[in-house]
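K.L.:
Mapping of the sequence shown onto numbering that gives the first Met the number 0: residues 0 to 188, in sequence order.
Backbone N, C-alpha and C define an ideal beta-carbon position, used for all residues, glycine too.
Take this structure, written in structure tokens, and hold onto it; I'll ask about it next.
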Amino acid sequence: MTSFPRSGALCGVAFTGALLLSACGKHEPPPPAPTPAPASTAPVAQAPVSPAASSALAPATAASIAVAASTVPPATPFSVAKLTLGSAVNADHQVIRPGDSFASNDKAIYASVATEGSTGGATLNAKWSYLEGQGQLVSNISQSIATDGPAITTFKVQNPDLWPAGKYQVEISLDGKPVTKQQFQIAAR
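Here it is in structure tokens:
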């Protein structure tokens, strides 16, 4: 039975050796983080590294994280930049004959809405009203939009007959909130 304690001790030494060998190379430093773009703030001083810790990377400080975070540009919020009315549009849906006075025999009037910023989904609405008809609703059109930059959304109102002469208004809203409006005139010709 004296061989049992020796074989147990031998197994223990072998197991310990295997653990030590498997840990070799596990203390290699991770690859360095990418260097942030130069910022206008002063650089953060690095803490001195002791010789015993020279094989490990120094942990990031809160100040160095703040400098790195400040170099990321904020996302531009989605907004309406400009409203243009006209009687004709081009292939890019931009008004090519802008104006705020139209003839009663113009068959269509366009509202070109230029937007900026990005959105995964927003709703633009154009509410057309005849002001001399006590704010009578002419048309109410909504369009969904998803964009990563500047965009043009065009709304069109048509009348196969002659438009009644008078003052009109188109009001543009973004996600149910009014953002801009423009009055226009239709003259009898």
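(1) What is the DSSP secondary structure of glycine 132, reduced to helix, strand or coil?
(2) What does a CB cutoff of less than 7 Å around glycine 148 pick up in its chain, not counting 5 residues either side in sequence?
(3) Would DSSP call tryptophan 127 helix, strand or coil?
(4) In terms of alpha-carbon separation, which member of Arg96, Asn158, Gly120, Gly165 lies closest to leucine 84?
(5) What does DSSP give as the partner residue(s) for glutamine 184 in the beta ladder?
(6) Determine the direct distance from the alpha carbon of glutamine 181 to that of tryptophan 127, and round the result to whole angstroms.
(7) Here's the rule I'm using: 16 or more other beta-carbon atoms within 10 Å means buried, otherwise exposed. How should alanine 187 be labelled?
(8) Label alanine 57 either buried or exposed according to how many other C-beta atoms from any shown protein chain fall within 10 Å of its C-beta, with 16 as the threshold for buried.
(9) Touch check for the segment 121-138 and the segment 169-177: three-plus C-beta pairs under 8 Å?
(10) Cutting at 6 Å between CB atoms, please list the residues of its own chain near glutamate 131, excluding the five before and the five after it.
(11) Could you compute how far the alpha carbon of isoleucine 144 sits from the alpha carbon of leucine 161?
(12) Of the residues Val156, Thr179, Thr122, Ala110, which one's Cα is nearest the Cα of leucine 136?
(13) Once DSSP output is grouped into helix, strand and coil, what is the label at proline 76?
(14) If distances are taken between C-alpha atoms only, which option among Asn158, Ser86, Lys81 comes closest to aspartate 99?
(15) So which of Ala110, Ile185, Gln133, Asn158 has the shortest CA-CA distance to valine 79?
(16) Helix, strand or coil: which one does DSSP assign to asparagine 89?
(17) Hey, quick one: how far does the beta strand (DSSP E) through lysine 106 stretch, first residue to last?
(18) Please list the terminal residues of the continuous beta strand (DSSP E) segment that includes valine 94.
P.N.:
Reading it off the structure:
(1) Helix.
(2) Cβ neighbours of glycine 148 beyond the five flanking positions: Ser117.
(3) Strand at tryptophan 127.
(4) Here the closest residue by C-alpha is Arg96.
(5) According to DSSP, which records beta bridges pairwise, glutamine 184 is partnered with Ser100, Lys166.
(6) Taking C-alpha positions only, tryptophan 127 is separated from glutamine 181 by approximately 10 Å.
(7) So alanine 187 ends up on the exposed side.
(8) Residue placement at alanine 57 cannot be trusted, given a pLDDT of 47 that sits under 50; what the coordinates show is reported in the next sentence. Around the Cβ of alanine 57, a 10 Å sphere holds fewer than 16 other Cβ atoms; the residue is exposed.
(9) Yes, since at least three Cβ pairs between the segment 121-138 and the segment 169-177 fall closer than 8 Å, the two stretches touch.
(10) Cβ within range, chain order: Gly165, Lys166.
(11) C-alpha separation (whole angstroms): 32 Å.
(12) With distances taken between Cα atoms, leucine 136 lies closest to Val156.
(13) Coil, per DSSP.
(14) The shortest Cα separation from aspartate 99 among Asn158, Ser86, Lys81 belongs to Ser86.
(15) The residue with the shortest Cα to Cα distance from valine 79 is Ala110.
(16) The three-state secondary structure of asparagine 89, taken from DSSP, is coil.
(17) For lysine 106, there is no enclosing beta strand (DSSP E), as DSSP marks it with neither H nor E.
(18) That residue, valine 94, is in no beta strand (DSSP E); it is neither H nor E in DSSP.
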